[in-house]
Each structure stands twice: as C-alpha cells, then as structure tokens.
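The block underneath contains the structure these notes are about, expressed in structure tokens.
Residue numbers (my numbering), protein chains in the order written: chain P, 2 to 414; chain A, 268 to 745.
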C-alpha cells in the first residue's frame with residue numbers, strides 16, 4: 002500500500018478525533034516565550050481560533066496519533082472491528098504540524114489522543130514523545146493537552162503530566178454496567194485509580210511550587226474527563242450524580258458531555274436513535290448550576306422529571322424554580338446572593354450588578370430590566386420597589402407564560 | 268478676552284487628539300478642562316481624520332487653571348475602564364468619558380451604579396473593545412514569506428473594528444517572540460524583528476501575501492474536525508461573525524460544509540447500517556424479520572434465513588455460528604455434518620436437544636462460489652454485531668438460564684467482544700440478565716481435525732458438555 006501523505010493522514014486522524022468534546026485551552030499557568038528560544042504563550046484565558054459549523058470552537062489541533070486500536074469499544078469509531086480507514090503519524094510529524102499551525106496563529110496548541118497500538122505502554126510512550134519534542138527540542142510554550150491511557154504504566158503517565166498543561170482520562174460512560182457492556186476492554190476501577198493518582202500528583206506539585214520556585218510544574222491546567230450521553234440508558238440523574246462524585250473525588254476541572262452521535266460503521270448494540278443535542282446542553286447547564294450557582298447535586302436531581310431526566314423544553318434552573326415556588330418571589334433589594342442566583346434568568350453577572358447597584362438606589366423593575374437580558378423571564382420570580390408578582394407566581398400556567406412558544410427544531414429528527 | 272470671560276460667555280472648546288487611542292493626551296486635557304470648571308456640554312473632542320462637527324473649529328483657546336485649582340479625582344475602576352474605552356471607534360467616547368469624570372467629582376462611587384445609563388454605555392464600550400482585542404488574537408492569520416537571508420517572515424492582514432492594534436501588540440510579542448512578523452491593518456501596522464517593535468503607516472490588503480502552503484493543511488483539518496451530525500450554524504455565527512470571514516482561509520469552506528452536512532450525516536447513518544424498528548415481540552416475528560433482513564452484506568446474498576428452533580422458555584440455548592450449506596437448504600439449524608456430530612455429543616452428555624433452543628449468531632449463510640460448490644466463509648465481526656439485534660431478541664423471549672456458545676463467533680454474538688475459546692471454556696461467564704454463558708468449540712472445528720488432535724479436542728468438547736449438563740441440573744434444582 003502506498004504511503005499516505007501528511008494531508009491524507011491529517012484528514013483521517015482529525016476526522017477520528019472529532020467525537021472528543023473537550024477543546025478548552027484555559028486555566029493553565031501563565032507562560033510566554035520571552036527569553037526563551039521558541040514560541041508560544043498561555044495567558045490564563047484560552048482563545049478559540051476558529052469555529053466549525055457545528056458550533057464548536059477550534060482552539061487546539063485535535064488529532065489522534067493513530068486510529069489503529071486493539072480495543073473494541075462499541076461507541077467508538079476507531080474500535081478494532083470497525084472498518085474505517087486507518088492511518089498513523091510519527092511523533093515528529095505531529096510536532097511539526099503543531100508548530101506550523103501555531104506559527105500562523107491557527108491554534109493555541111495541541112490536543113493529542115490516540116488509539117491503542119501494540120500495547121498501552123507503547124502508545125503512551127509515543128504520545129509523551131510528541132510532547133517532549135515540542136517542549137524540549139522546540140521550547141514550545143503553547144498549550145498541550147494529552148489524553149492519557151489508564152492502562153499505561155504510571156511512570157509514563159507521570160511524564161505526561163510533567164510535559165502537558167492538562168491531562169485527561171475518559172470515564173466514557175456514566176455507569177459501570179454501561180462500561181462493561183459497551184467498552185469490554187476497559188475497567189472502571191482502573192480508570193478511577195489512574196485519576197486518583199493524577200489528583201495526588203497535581204496536588205503535590207502545586208504544593209511544591211509554593212515552597213520551591215523551581216519545582217517542576219505538573220499538569221497546571223488540571224485534569225478533565227468525558228462522558229458519552231445517550232449510548233446507554235443512564236438517566237440525567239445518574240449522570241449528574243456521577244459528575245458530582247468525579248468533581249469531588251478527583252478535583253476535576255471539567256466533566257465534558259458528548260452526545261452520542263451516529264458514527265460511521267456503528268456497532269449494532271448501540272441505541273438506534275441519537276439523543277437530542279439539547280440533552281447534552283441541559284447537562285452542561287446543570288453542570289454550570291453546580292459549579293457557579295451554588296446548587297448541590299441533589300438539588301439538580303430535584304429538577305429532573307419522573308424518568309430521572311432533565312426536561313428538554315426548559316432549562317434546569319427554571320425547572321427547579323417551578324417545582325419550588327415557595328422560595329419565590331425573591332426581593333432584589335434585600336435577598337442574598339445565593340437566593341438571587343436561584344432566580345431563572347439572572348446570571349452570575351446580572352446578580353453581581355444588582356448587588357453593586359442596590360447600594361446606590363432602591364431598584365425598580367426598570368432598573369432590573371437594564372441589568373438583565375430578559376425581564377419577562379425574571380419578572381414572575383422577583384420583587385422590586387414597584388413590583389410584586391403576587392398572582393403570577395401561583396398561576397398554574399406560569400410555565401407557558403415564560404417558555405418561548407416555538408419549538409426547538411430538530412434538524413435531523 | 269480672558270479665558271475666564273470666554274468661559275462666562277459660553278464658549279465651546281475644541282480639543283484635537285493627535286491619535287485616536289491616546290489616553291495620556293485625553294487625560295491631561297480633561298484634567299485641565301475640569302480644573303477650569305468647563306462643563307461637559309462645552310467641549311468638542313475631535314479625533315484625527317474626523318470630518319469635524321459643527322463645533323470642531325471652536326476658536327477658543329483652552330483655559331489655563333489658576334493657582335490652587337482643585338484636585339481632579341478619579342477612581343481606579345474609572346481609569347481602567349477609560350483606558351480601554353478610548354480604543355473604541357465611537358466618536359462620542361471622549362465626551363462620554365469627560366462627562367463621567369465630571370460626575371465623578373461629586374459622586375465618587377458612581378462607577379458601582381450599573382443601572383446608570385452613562386455607566387452602562389461605558390460598560391458597553393469596554394466590552395466591545397475587549398471582544399475586539401480577543402477576536403484579533405484569535406483570528407489574525409499569518410502567512411509565511413521568505414525574507415532576506417532565507418529568514419522566514421510572517422505577515423498578517425487584519426481589519427479590527429476599534430483602535431486596538433497598539434494595545435494588542437504586547438500579546439503577539441510575548442507569543443511569537445522568536446519569529447519575525449508584521450500585522451498590517453487599515454489603521455496602521457506593527458512589525459517585530461525578534462527584538463524591537465516598530466510602528467508603521469496604515470496598509471492595504473494587497474500589501475500582505477496572498478497565500479501560504481500550510482493553508483491547504485489547515486483547511487483540510489477544518490473540514491475534517493467538523494461533525495456534520497451536529498450542525499449549529501447560529502452558535503458558530505455568534506462567535507465568528509461573517510465580517511471576519513474574508514481574512515480567514517478556512518472560512519471559504521463554510522457554505523459547502525453546511526450545505527453538505529445533511530447528506531454526510533445520512534451517509535454516516537447509512538454506512539452505520541442497522542436501522543431496525545421495534546424489538547420483535549414473538550419468535551415468529553423474528554423468523555419473519557430475519558427473512559427480510561438486509562442490514563449486512565450476508566443478507567444481500569439472498570439466501571434463506573434459518574430461524575432458531577426449540578421451545579420458548581427452554582432452560583438451555585445453544586448458539587452456533589451461522590447456517591451452513593445443508594442448513595440453508597433444509598431451513599433448520601444444525602442438520603449438516605456438524606449438526607450430526609453435535610447431536611451425538613449431546614446424547615452422550617445426556618442433554619435432550621428437543622428441550623433446548625438451538626439457533627445461530629448469524630442468521631444467513633455466508634459463502635463464496637468455488638466452482639459449483641458454495642464454500643462456507645466466516646462472518647466478519649461487524650456482521651455478527653449487526654445480527655446481535657436478532658440474537659438478543661431471541662434471548663429476551665426465550666429467557667434461557669444457560670447459553671452455550673459453540674465457537675468464537677457465537678461467543679461474540681452473545682458478549683459483543685471476541686474472546687478466545689481456550690481461555691474461556693469450562694467456566695461460566697455471567698450475563699446482564701442473570702443467566703450465564705458457557706463457551707466451547709464449534710463442532711465443525713472438530714470435523715477439520717484428524718488423529719490425536721481430534722481425539723484431544725473431542726475429549727475437551729465432551730467434558731464441556733458434561734459440565735454444562737451438570738450445571739443445568741444444578742440450576743433446575745435451585
């Protein structure tokens with residue numbers, strides 16, 4: 002078979018990587034190339050250099066080192082029994098491609114993942130080699146995210162942490178049963194063990210940096226993970242529960258959700274219908290509620306319906322507010338930040354402004370309208386100097402008054 | 268006429284700024300005007316290149332503050348916001364800032380009042396400048412040209428909305444320190460040679476290079492990373508509005524990617540095969556369903572599908588690989604040579620075939636023509652996986668306590684993964700529904716062996732069946 006050109010390999014290996022949701026390039030230590038020999042910088046906030054028509058940002062060069070794989074996970078397009086076209090980059094090719102894109106300001110850095118070739122250790126070695134070439138030979142200061150392989154030798158995973166800004170290990174599925182069924186070669190305990198080890202190493206390195214200026218950095222951007230939604234029958238309540246355990250136990254920076262999407266050559270055990278994209282969106286919203294709005298996991302679960310799933314037509318915060326109407330209305334002039342954050346339609350930013358403004362004036366409904374996006378959504382849940390929604394909050398058809406009437410169009414239903 | 272008299276007579280003062288983003292100049296003039304108590308409505312601010320308003324030719328000279336003029340106060344928050352807002356392209360920004368500075372003198376905490384219209388406007392200005400700065404960092408695209416002595420020189424053409432080029436230069440210096448680069452814009456240009464940053468005059472698009480070899484790679488990447496199954500054009504447009512597209516090499520692909528998305532998704536689903544309806548409710552439904560099933564290439568061979576046989580509710584389910592030549596002709600499972608061998612062994616082990624449900628992992632016969640003979644071919648993993656739909660349907664209806672898989676294909680049909688016979692035979696594998704799987708060799712494998720190897724394998728096969736029989740008896744009691 003003729004050798005594939007770089008552009009052909011890029012097409013195959015980028016295509017194979019597109020099912021990974023994560024692409025964040027933020028939250029790592031500040032560094033730049035002043036005084037160094039190479040290029041690159043990270044300044045806290047990540048930059049999205051482009052956007053694809055699927056609405057997802059393109060921040061990193063997201064590719065697989067190879068899509069050959071000895072594992073046979075049913076949801077994965079690269080599983081052993083799938084007959085997709087295979088290709089393989091050498092570590093140096095990946096490094097050159099990254100630098101060539103970075104110099105032209107196409108990307109923030111590299112997100113490298115891989116199918117498993119020969120053995121987990123061999124694959125991990127190759128991935129670490131890419132990061133090593135970039136960091137040591139080219140003094141590259143841009144962002145590197147390595148997807149580590151839980152089955153690999155802990156020493157290799159540690160090296161990955163020393164070179165990368167962020168490392169991640171996918172939990173893949175929200176339940177152990179789902180993992181055994183759909184990813185027979187993976188082991189939930191092993192994945193958790195590796196995550197736990199990673200958490201300790203990150204905490205330890207952070208501690209050392211505080212004491213010694215030149216202590217090595219270890220994954221300063223922390224670790225993240227990804228879950229596939231809709232490939233098994235786990236409900237939103239299960240998923241939210243799993244996510245919050247992961248945040249607590251492993252100090253994860255992010256849990257990404259990826260709606261199971263039809264992949265070429267899908268396996269027959271998978272569900273026949275893909276989950277609505279909006280479900281993924283609702284899960285991210287619930288994730289936000291837990292991370293920024295002070296909701297406890299069990300409170301998010303309270304917002305789910307009888308089937309354990311979040312309602313698709315309204316966001317989880319509104320669903321919660323409609324269920325717990327006795328908590329409302331909230332007085333914008335006196336209530337605490339915590340209570341204001343529970344008001345549907347008020348974001349963290351609007352709440353901050355309300356708190357600042359109310360020191361200077363007693364807020365009227367008009368004032369609140371200037372501080373928020375849509376006063377119509379907020380109105381039934383707040384009191385202001387000249388506003389009291391006495392009848393509104395108790396109305397049976399409140400939901401229909403707030404929810405926009407048009408249906409979200411399912412383009413490919 | 269003295270300055271004080273001018274002021275009393277309601278003169279209008281014009282201040283011309285040397286540069287559109289010159290914050291220091293604005294601050295000095297604003298302080299001077301404020302110390303002389305010139306109210307905001309008496310100042311006209313003129314930026315370079317402006318066509319000029321009615322008052323831009325204000326003849327009055329700026330008043331000079333006298334001895335002991337009052338201190339001008341400004342909060343840190345205001346200064347920070349003002350520095351950023353001054354980069355905005357709105358000609359009213361200077362007047363807004365002066366008005367706010369004026370108000371700050373009597374109301375020092377006014378910056379906190381987000382409901383105030385002036386504060387809100389200031390917030391809008393700073394936000395849109397911040398966004399423009401961010402988008403420039405994101406959407407600048409360098410193109411490489413060979414400079415003198417073979418040194419690579421990276422040149423970009425960008426059209427910012429606001430006067431942000433100077434403010435943003437530091438970012439590019441920190442990031443591309445060891446590269447020679449230039450950013451050209453209609454409002455000016457900056458050049459970095461690895462050590463010194465120079466400013467240059469405004470440029471035109473034609474001054475920048477027109478292409479770069481790496482752009483083909485980049486476009487290919489862009490097209491490949493896009494997932495056509497989740498088209499969300501609105502989300503893309505809100506972050507990457509059309510106005511930026513003309514200077515981004517990948518943007519030319521967007522219309523065709525969007526247009527082709529639906530077809531691509533349909534094709535993905537198509538090659539994914541397997542579009543099944545509801546789960547079949549009876550074994551008869553399965554029998555008629557498999558007859559018309561064309562979800563894999565074997566179905567397309569147009570052979571007769573062979574349904575499973577045996578009582579619903581049978582405690583034992585025996586799964587083979589696929590019907591062979593004779594089974595296909597007869598329409599019954601395990602009637603050929605392998606079936607006869609199996610019958611013999613079952614009888615020896617004391618298992619009653621008629622009380623078991625006998626079926627295959629794959630329902631159609633896969634073969635190639637060799638002369639006039641139909642030669643058996645192993646089903647591919649994907650074909651087994653596709654057929655699992657039917658096998659799982661049968662398991663759900665028959666609900667056997669024990670499943671006996673003959674051969675690796677049958678084991679894959681039950682487990683969904685390939686296991687080796689040698690390492691799994693002789694011990695139960697628990698299944699999701701509480702039943703258990705026993706794996707052994709396929710009888711046709713025994714038929715292919717001779718001599719000692721055959722004896723050895725027959726012995727193993729017989730002992731597997733004996734173990735199954737023992738376990739069945741145990742299950743029947745428990």
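Every residue, glycine too, gets a C-beta built ideally from N, C-alpha and C.
Check: Are the CB atoms of residue 656/A and residue 553/A nearer to each other than 7 angstroms?; Outcome: no
Check: Would you decide whether residue 201/P is buried or exposed? Buried here means 16 or more other CB atoms lie within 10 Å of its CB.; Outcome: exposed
Check: Exposed or buried, what is residue 139/P when buried is set at 16 or more other beta-carbons lying within 10 Å of its beta-carbon?; Outcome: buried
Check: Ignore the nearest five residues each way along the sequence and tell me which others in residue 599/A's own chain have a CB closer than 8 angstroms to its CB.; Outcome: 573, 576
Check: So is residue 488/A in contact with chain P if we call contact Cβ pairs under 7 angstroms?; Outcome: yes
Check: Should the stretch 480-498 of chain A be called in touch with the stretch 72-85 of chain P, which here means at least 3 C-beta pairs below 8 angstroms?; Outcome: no
Check: With a 10 Å radius around its C-beta and 16 neighbouring C-beta atoms as the bar for buried, classify residue 123/P as buried or exposed.; Outcome: exposed
Check: Within 7 angstroms of any Cβ in chain A, is that where the Cβ of residue 40/P sits?; Outcome: yes
Check: Between the C-alpha atoms of residue 533/A and residue 497/A, what's the straight-line distance to the nearest angstrom?; Outcome: 12 angstroms
Check: Let me check understanding here. Comparing Cα to Cα, which of 623/A, 339/A, 389/A, 579/A lies closest to residue 361/A?; Outcome: 389/A
Check: Buried or exposed: which applies to residue 495/A, given that a residue is buried once 16 or more other Cβ atoms fall within 10 Å of its Cβ?; Outcome: buried
Check: Mark residue 541/A as exposed unless 16 or more other C-beta atoms lie within 10 angstroms of its C-beta, in which case mark it buried.; Outcome: In this prediction, residue 541/A scores a pLDDT of 45, lower than 50, which makes its location untrustworthy; the coordinate-derived value is nonetheless stated afterwards. Buried: at least 16 other Cβ atoms inside 10 Å.
Check: Enumerate in chain order the residues of its own chain whose CB-to-CB distance from residue 252/A is below 8 angstroms, with the five nearest sequence positions on each side excluded.; Outcome: The shown model of chain A, from 268 to 745, leaves out residue 252/A, and the question about it has no answer.
Check: Opposite residue 224/P in the DSSP bridges: which residues?; Outcome: 168/P
Check: Indicate whether at least one CB of chain P lies closer than 7 angstroms to the CB of residue 635/A.; Outcome: no
Check: What does residue 485/A touch in chain P if you count any residue whose Cβ is under 7 angstroms from its own?; Outcome: 102, 107
Check: What are the boundary residues of the beta strand (DSSP E) that residue 455/A is part of?; Outcome: 455-459
Check: What residues of chain P sit near residue 521/A, judged by a beta carbon separation below 8 angstroms?; Outcome: 54
Check: Please indicate yes or no: does the CB of residue 156/P lie closer than 6 angstroms to some heavy atom of the ligand HEM?; Outcome: Absence of the ligand HEM from the depicted structure is noted, as is the absence of any ligand whatsoever, leaving it without description.
Check: To the nearest angstrom, how far is it from the Cα of residue 449/A to the Cα of residue 686/A?; Outcome: 60 angstroms
Check: Say whether chain P places a C-beta atom closer than 7 angstroms to the C-beta of residue 403/A.; Outcome: no
Check: What is the DSSP secondary structure of residue 58/P, reduced to helix, strand or coil?; Outcome: strand
Check: Identify the contact partners of residue 278/P in chain A, using a Cβ-Cβ distance below 8 angstroms as the criterion.; Outcome: 497, 499
Check: In chain order, what residues of the same chain have a beta carbon less than 8 angstroms from the beta carbon of residue 349/P, not counting five sequence neighbours either side?; Outcome: 293, 294, 342
Check: Measure the Cβ-Cβ separation of residue 671/A and residue 585/A and say whether it is below 7 angstroms.; Outcome: yes
Check: DSSP beta-bridge partners for residue 313/A?; Outcome: 283/A
Check: How about residue 470/A and residue 457/A: are their beta carbons less than 7 angstroms apart?; Outcome: no
Check: What would DSSP say about residue 43/P, mapped onto helix, strand or coil?; Outcome: strand
Check: Closer than 7 angstroms, CB to CB, is residue 494/A near chain P or not?; Outcome: yes
Check: Any beta-carbon of chain A closer than 7 angstroms to the one on residue 372/P?; Outcome: yes
Check: According to DSSP, is residue 605/A part of a helix, a strand, or is it coil?; Outcome: helix
Check: Let me know the secondary structure DSSP gives residue 627/A once reduced to three states.; Outcome: strand
Check: Does any residue of chain P bring its CB to less than 7 angstroms from the CB of residue 379/A?; Outcome: yes
Check: Between residue 199/P and residue 160/P, is the Cβ-Cβ spacing less than 7 angstroms?; Outcome: no
Check: Classify residue 373/P as helix, strand or coil using the three-state DSSP reduction.; Outcome: coil
Check: Can you pull out the residues from the stretch 674-688 of chain A whose beta carbon lies closer than 8 angstroms to at least one beta carbon of chain P?; Outcome: 682, 683, 684, 685
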